[in-house]
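Quick mapping for you: the protein sequence lines, in order, are chains A and B.
With the working numbering applied, the first sequence corresponds to residues 457 to 856, in that order.
With the working numbering applied, the second sequence corresponds to residues 457 to 856, in that order.
Using N, Cα and C, we set each Cβ at its ideal position, and we do this for glycine too.
Reviewing the structure listed below.
2 protein chains.
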Amino acid sequence: MSWVLIPQGSHFPITNLPFGVFSSPGRDQRIGVAIGEQILDVRAADEAGLLPDLSGALRLDTLDGFLAAGRVYWRGVRSRIAQLLSEPAHEPVVSGMLVAQEDATMHLPFTVADFVDFYASEQHATNLGKMFRPDSAALLPNWKHLPVGYHGRAGTVVVSGTDVRRPQGQRKAPDASEPTFGPSARLDFEAEVGFVVGTGAPGPVSTADFAEHVFGVCLVNDWSARDIQAWEYVPLGPFLGKSFATSISPWIVSLDALIDARTDGPAQDPTPLPYLRSDRRWSLDLALEVTLNGETISRPPFASVYWSADQQLAHMTVNGASLRTGDLFASGTVSGDSPEQRGSLIELSWGGKEPITLTDGSSRSFLLDGDTLTISATAPGVDGTRIGFGSVSGTIQPSI
Amino acid sequence: MSWVLIPQGSHFPITNLPFGVFSSPGRDQRIGVAIGEQILDVRAADEAGLLPDLSGALRLDTLDGFLAAGRVYWRGVRSRIAQLLSEPAHEPVVSGMLVAQEDATMHLPFTVADFVDFYASEQHATNLGKMFRPDSAALLPNWKHLPVGYHGRAGTVVVSGTDVRRPQGQRKAPDASEPTFGPSARLDFEAEVGFVVGTGAPGPVSTADFAEHVFGVCLVNDWSARDIQAWEYVPLGPFLGKSFATSISPWIVSLDALIDARTDGPAQDPTPLPYLRSDRRWSLDLALEVTLNGETISRPPFASVYWSADQQLAHMTVNGASLRTGDLFASGTVSGDSPEQRGSLIELSWGGKEPITLTDGSSRSFLLDGDTLTISATAPGVDGTRIGFGSVSGTIQPSI
Numbered sequence: 457m458s459w460v461l462i463p464q465g466s467h468f469p470i471t472n473l474p475f476g477v478f479s480s481p482g483r484d485q486r487i488g489v490a491i492g493e494q495i496l497d498v499r500a501a502d503e504a505g506l507l508p509d510l511s512g513a514l515r516l517d518t519l520d521g522f523l524a525a526g527r528v529y530w531r532g533v534r535s536r537i538a539q540l541l542s543e544p545a546h547e548p549v550v551s552g553m554l555v556a557q558e559d560a561t562m563h564l565p566f567t568v569a570d571f572v573d574f575y576a577s578e579q580h581a582t583n584l585g586k587m588f589r590p591d592s593a594a595l596l597p598n599w600k601h602l603p604v605g606y607h608g609r610a611g612t613v614v615v616s617g618t619d620v621r622r623p624q625g626q627r628k629a630p631d632a633s634e635p636t637f638g639p640s641a642r643l644d645f646e647a648e649v650g651f652v653v654g655t656g657a658p659g660p661v662s663t664a665d666f667a668e669h670v671f672g673v674c675l676v677n678d679w680s681a682r683d684i685q686a687w688e689y690v691p692l693g694p695f696l697g698k699s700f701a702t703s704i705s706p707w708i709v710s711l712d713a714l715i716d717a718r719t720d721g722p723a724q725d726p727t728p729l730p731y732l733r734s735d736r737r738w739s740l741d742l743a744l745e746v747t748l749n750g751e752t753i754s755r756p757p758f759a760s761v762y763w764s765a766d767q768q769l770a771h772m773t774v775n776g777a778s779l780r781t782g783d784l785f786a787s788g789t790v791s792g793d794s795p796e797q798r799g800s801l802i803e804l805s806w807g808g809k810e811p812i813t814l815t816d817g818s819s820r821s822f823l824l825d826g827d828t829l830t831i832s833a834t835a836p837g838v839d840g841t842r843i844g845f846g847s848v849s850g851t852i853q854p855s856i
Numbered sequence: 457m458s459w460v461l462i463p464q465g466s467h468f469p470i471t472n473l474p475f476g477v478f479s480s481p482g483r484d485q486r487i488g489v490a491i492g493e494q495i496l497d498v499r500a501a502d503e504a505g506l507l508p509d510l511s512g513a514l515r516l517d518t519l520d521g522f523l524a525a526g527r528v529y530w531r532g533v534r535s536r537i538a539q540l541l542s543e544p545a546h547e548p549v550v551s552g553m554l555v556a557q558e559d560a561t562m563h564l565p566f567t568v569a570d571f572v573d574f575y576a577s578e579q580h581a582t583n584l585g586k587m588f589r590p591d592s593a594a595l596l597p598n599w600k601h602l603p604v605g606y607h608g609r610a611g612t613v614v615v616s617g618t619d620v621r622r623p624q625g626q627r628k629a630p631d632a633s634e635p636t637f638g639p640s641a642r643l644d645f646e647a648e649v650g651f652v653v654g655t656g657a658p659g660p661v662s663t664a665d666f667a668e669h670v671f672g673v674c675l676v677n678d679w680s681a682r683d684i685q686a687w688e689y690v691p692l693g694p695f696l697g698k699s700f701a702t703s704i705s706p707w708i709v710s711l712d713a714l715i716d717a718r719t720d721g722p723a724q725d726p727t728p729l730p731y732l733r734s735d736r737r738w739s740l741d742l743a744l745e746v747t748l749n750g751e752t753i754s755r756p757p758f759a760s761v762y763w764s765a766d767q768q769l770a771h772m773t774v775n776g777a778s779l780r781t782g783d784l785f786a787s788g789t790v791s792g793d794s795p796e797q798r799g800s801l802i803e804l805s806w807g808g809k810e811p812i813t814l815t816d817g818s819s820r821s822f823l824l825d826g827d828t829l830t831i832s833a834t835a836p837g838v839d840g841t842r843i844g845f846g847s848v849s850g851t852i853q854p855s856i
């Protein structure tokens, strides 16, 4: 129990305590921790001597130093914050360090080092396979042997709330002889879950060491221009169809807050190679919800994703690639078994052939200028609570 | 003419003056400029008040601040250094700021922000198309309409001289039913040319603005594990087959030093879309040379590359993607028309079917443990001189 008022259904009870970076009138950019409808000003708490200091890591304007400090420190800081926000004796001092979330501006919480995007949902990969290769097996031969992934553009990862300008580029209609240039006509979202690396490593990280390196989890919208992507992506993969923007939620939920959200992932057949095995995978029972202009259009279940995050991390580094603080890797689009659980418009509208209808009577195959797309999620927290991720949201601006 | 002794054939006459980062006994990591067989200690020259200071950009331990300072500053510093190294009046003071290259250790010269790798050589793309898709057209339909590219792993870009450990990973023989795990048996190099972004931009950069944003040029070896790549790359492109290491040369040659190396690129048919056109492309007449254990195995001509660097930059940002100081984009493997000009072993040995023979009697289809692969290049400098890039070199270490 916190002495802070926590409204019923809040994403941020005392069992969550996610980390982010905010500013507000009178407070320049700094680290904060969400609690109910408030933010604890972590810098202020540290300056008051209330937190375990480590070379000023808690006084920076990003989470970078905190992330680099490692798991023992993450746990020490978070458990001390839980104490400060629950023991009534601290209320007189600490209540002055709370800022209303509605008065705060959230910032990109950490410097994104490398950004990797996986393709780990079997339902999503199957849906796209059926649409793009109707005459072949929906899944490619490698898909159940390794978590397929690729590197995205780290420099265009933006925080929730940042407007997204419709990209221009080359696209070619299937029956056209030449490509044309112009605004994307098939702008889409992808509902994903991202993992934030705290502690780097010089080489391979085993599935067993996942929690030593990954600090926490956020929501990701991997905006996609399907027409640009379709024309460019052979043979080297997605490039400009993705690189214009990727949005992340501002609050990073720690693995420690998600310990009761762990769940058995889908059974894996064939049995993965040894480096991809673990006694207990880091599958997580996150319930995602996607809204378009406030109306729910999908509820993707993250627990259905085939390749878990520990398997993704082990794969990403098994070739000896080093890992850095700030590396971000995302699951790829999360889609469930049923049509209402699909995590992108290209799936929801089946390639544009079956537009979805909104309650205002309009229909969508892809996103229109002015549309606001929001992804949120909740998960089981500890002590029987339910915790949330807040949301990642973006509004489409027209091409210049 | 410099008062520094410049041996005949040196890569670093006074018309070059490339920038890098070095350390040497008694000097911690700092910026330097190559001249003959020496390095000018730029920090020392700046501390002595000999250079135009800008917020201490020249006293950092990377080029990051210098790169961010922009073209006017790049030119001012370089022309002042040319003056210091040519006017005899400066010799008494400045000669004490020279360090022998043989006594120096070179470091990664800048923080790599995003790394993009193109596929811009028609001969290379054609060779690979013939090998991998023998029954189809060698070039895919998009290839002559846009510079195909993808994002690589920025965190594993290393400086020349760094050993490269043979990666492990999944690979599947064409006739095998299941993949196996182990050290790559088809480890390759790719001889490429890289472009280093100095001044960032919030969105599209036109071909005309290329030189406002790109500071200079280096050599790149995009080490590639062909067996890992072949199994993983469908449909999202290369990932672990590339991400274990990418080596760059330590000296960044400024565009100003390469003004007389500009050359007409290959004629482009069909005419590219307007955003990819320029009055005069930034094609460069660089003569690359590849040696394996000291023996020349290829001489790829960079002037033959189809898509020029200004076209690559315009394409990379046309979707609105922002550009950052430290972004690195590379040409992709440079291969010329003749077999002796191929820029990778998979081409030189034609997929392993025609191993090359070295003078020691051994043969190579791909790289062996202990092999040292070096790429160097020269180009026309100003005033009829010839300048060079030094080299990028790496030695293969066995898998752990």
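Tell me where the beta strand (DSSP E) around B/G608 begins and ends. Counting from 1 along the second sequence, the entry for residue 608 of chain B is found at position 152. Taken as a continuous stretch (DSSP letters only), the beta strand (DSSP E) holding B/G608 covers 605-608.
Helix, strand or coil for B/I753 per DSSP? Translated into positions along the second sequence, residue 753 of chain B becomes position 297. Note: B/I753 maps to strand in three-state DSSP.
Less than 8 Å between the beta carbons of B/Q767 and B/F785, yes or no? Taking the first residue of the second sequence as position 1, residue 767 of chain B is located at position 311. Taking the first residue of the second sequence as position 1, residue 785 of chain B is located at position 329. Here B/Q767 is not near B/F785, since their CB atoms are 8 Å or more apart.
To the nearest angstrom, how far is it from the Cα of B/I403 to the Cα of B/A501? Any question about residue 403 of chain B goes unanswered here, given that chain B covers just 457 to 856.
Taking only three categories from DSSP, how would you classify A/V527? For the purposes of this step, residue 527 of chain A is identified with residue 71 of the first sequence, where counting begins at 1. Before going on, a small fix: residue 527 of chain A reads as Arg here, not Val. Helix at A/R527.
Going by DSSP, what residue range makes up the alpha helix (DSSP H) through B/H580? Within the second sequence, numbered from 1, the residue matching residue 580 of chain B stands at position 124. Its alpha helix (DSSP H) spans residues 578-588.
Top-ranked residue by Cα proximity to B/T612, from A/R780, A/E810, A/V838, A/I802: Taking the second sequence and counting its residues from 1, the one referred to as residue 612 of chain B is at position 156. The candidate whose alpha carbon is nearest that of B/T612 is A/R780.
Just to confirm, is the Cβ distance from B/G844 to B/T834 under 8 Å? For the purposes of this step, residue 844 of chain B is taken as residue 388 along the second sequence, with counting starting at 1. For the purposes of this step, residue 834 of chain B is taken as residue 378 along the second sequence, with counting starting at 1. Yes. Within cutoff.
Taking 7 Å as the limit between beta carbons, can you name the residues of its chain near B/S705, skipping five residues before and five after? Counting from 1 along the second sequence, the entry for residue 705 of chain B is found at position 249. Result list for B/S705: S616, C674, L675, F845, G846, S847, V848, in chain order.
The segment 512-521 of chain A contacting the segment 565-581 of chain A, beta-carbon criterion three pairs below 8 Å: Touching, yes, given that three or more Cβ pairs across the two stretches are closer than 8 Å.
Rounded C-beta distance between A/E634 and A/S680? I'm assuming under 8 Å. Indexing the first sequence from 1 puts residue 634 of chain A at position 178. Indexing the first sequence from 1 puts residue 680 of chain A at position 224. Contact flag wrong, Cβ pair sits at about 23 Å.
From the DSSP secondary-structure annotation, give me the bridge partner or partners of B/T851. For the purposes of this step, residue 851 of chain B is identified with residue 395 of the second sequence, where counting begins at 1. B/T851 pairs with B/T828.
If A/L602 and A/T582 are in contact, beta carbons under 8 Å, what's the gap, nearest whole angstrom? On the first sequence, position 146 is the one that residue 602 of chain A refers to. On the first sequence, position 126 is the one that residue 582 of chain A refers to. Contact annotation, A/L602 with A/T582: C-beta distance approximately 17 Å; criterion of less than 8 Å not satisfied.
What's the gap between the Cα of B/T813 and the Cα of A/N775? Locating residue 813 of chain B in the second sequence gives position 357, where the first residue counts as 1. Locating residue 775 of chain A in the first sequence gives position 319, where the first residue counts as 1. Taking the straight line joining both Cα atoms gives about 29 Å.
Counting only runs of 3+ residues fully inside the segment 592-673 of chain B, write out the beta strand (DSSP E) ranges in chain order. 605-608, 613-615, 624-627, 636-639, 647-653
Could you tell me which chain B residues have their CB closer than 7 Å to the CB of A/D570, listed as they occur along the chain? In the first sequence, counting from the first residue as 1, residue 570 of chain A sits at position 114. Going along chain B in sequence order, the residues near A/D570 (Cβ under 7 Å) are R609, A610, G611.
Start-to-end residues for the beta strand (DSSP E) that takes in B/R483: One-based indexing of the second sequence puts residue 483 of chain B at position 27. Unbroken beta strand (DSSP E) run through B/R483: 483-491.
Locate the beta strand (DSSP E) running through B/L454, then write down its first and last residues. Any property of residue 454 of chain B remains undetermined from this structure, which presents chain B solely from 457 to 856.
Does any C-beta atom of chain A lie closer than 8 Å to the C-beta of B/S662? Indexing the second sequence from 1 puts residue 662 of chain B at position 206. False, the Cβ-Cβ gap to chain A never drops below 8 Å.
For B/R622, which option in B/R842, B/T561, B/L696 has the closest C-alpha, if you only look at C-alpha atoms? Indexing the second sequence from 1 puts residue 622 of chain B at position 166. It is B/L696 whose Cα lies nearest to the Cα of B/R622.
Mind the definition here: the segment 815-835 of chain A touches the segment 794-807 of chain A only if three or more C-beta pairs lie below 8 Å; say whether that holds. yes
Determine, using beta carbons only, whether A/V690 comes closer than 8 Å to chain B. Position 234 of the first sequence holds residue 690 of chain A. At least one chain B Cβ lies under 8 Å of A/V690.
Determine the contact status of A/I831 and A/V620, defining contact as a CB-CB distance below 8 Å. The residue you call residue 831 of chain A lines up with position 375 of the first sequence. The residue you call residue 620 of chain A lines up with position 164 of the first sequence. Result no, Cβ atoms of A/I831 and A/V620 do not sit closer than 8 Å.
Would you call B/K698 buried or exposed, if buried means 16 or more other Cβ atoms sit within 10 Å of its Cβ? In the second sequence, counting from the first residue as 1, residue 698 of chain B sits at position 242. It counts as buried.
Within 8 Å of any Cβ in chain A, is that where the Cβ of B/N775 sits? What you label residue 775 of chain B is simply residue 319 of the second sequence in a count that begins at 1. Taking Cβ atoms only, chain A reaches closer than 8 Å to B/N775, which makes this a yes.
Segment limits, alpha helix (DSSP H) that includes B/D502: Numbered from its first residue, the second sequence carries residue 502 of chain B at position 46. Counting along the chain, the alpha helix (DSSP H) containing B/D502 begins and ends at 498-503.
Would you list the residues sitting across from A/P836 in a DSSP beta bridge? Your numbering for residue 836 of chain A matches position 380 in the first sequence. A/R842.
Candidates A/L473, A/H467, A/D793, A/Q494: which alpha carbon is nearest A/S479's? Taking the first sequence and counting its residues from 1, the one referred to as residue 479 of chain A is at position 23. When only C-alpha atoms are compared, the closest one is A/Q494.
Helix, strand or coil for A/D520, going by three-state DSSP, please let me know. Here residue 520 of chain A is taken as the residue at index 64 of the first sequence, counted from 1. Helix, per DSSP.
How about B/R527 and B/E668: are their beta carbons less than 8 Å apart? Position 71 of the second sequence, counting from 1, holds the residue named residue 527 of chain B. Position 212 of the second sequence, counting from 1, holds the residue named residue 668 of chain B. In this structure, B/E668 lies closer than 8 Å to B/R527 by Cβ.
is_contact[B/N598, chain A] using C-beta, thresh 8 Å: Along the second sequence, one-based indexing puts residue 598 of chain B at 142. Cβ-Cβ to chain A under 8 Å: yes for B/N598.
Helix, strand or coil at B/R534 [DSSP, three-state]: Translated into positions along the second sequence, residue 534 of chain B becomes position 78. Three-state result, B/R534: helix.
How about the segment 548-566 of chain B and the segment 467-482 of chain B: do they share at least three Cβ pairs that are nearer than 8 Å? yes
When you compare the CB positions of B/G788 and B/Y575, do they come within less than 8 Å of one another, or not? For the purposes of this step, residue 788 of chain B is identified with residue 332 of the second sequence, where counting begins at 1. For the purposes of this step, residue 575 of chain B is identified with residue 119 of the second sequence, where counting begins at 1. Contact flag set, yes.
Of the residues B/T815, B/S855, B/Y731, B/F666, which one's Cα is nearest the Cα of B/N749? Taking the first residue of the second sequence as position 1, residue 749 of chain B is located at position 293. For B/N749, the nearest C-alpha among the options comes from B/T815.
Cα-Cα separation, B/R733 to A/D725: Residue 733 of chain B sits at position 277 when you count from the first residue of the second sequence. Residue 725 of chain A sits at position 269 when you count from the first residue of the first sequence. Between B/R733 and A/D725, the C-alpha separation is close to 50 Å.
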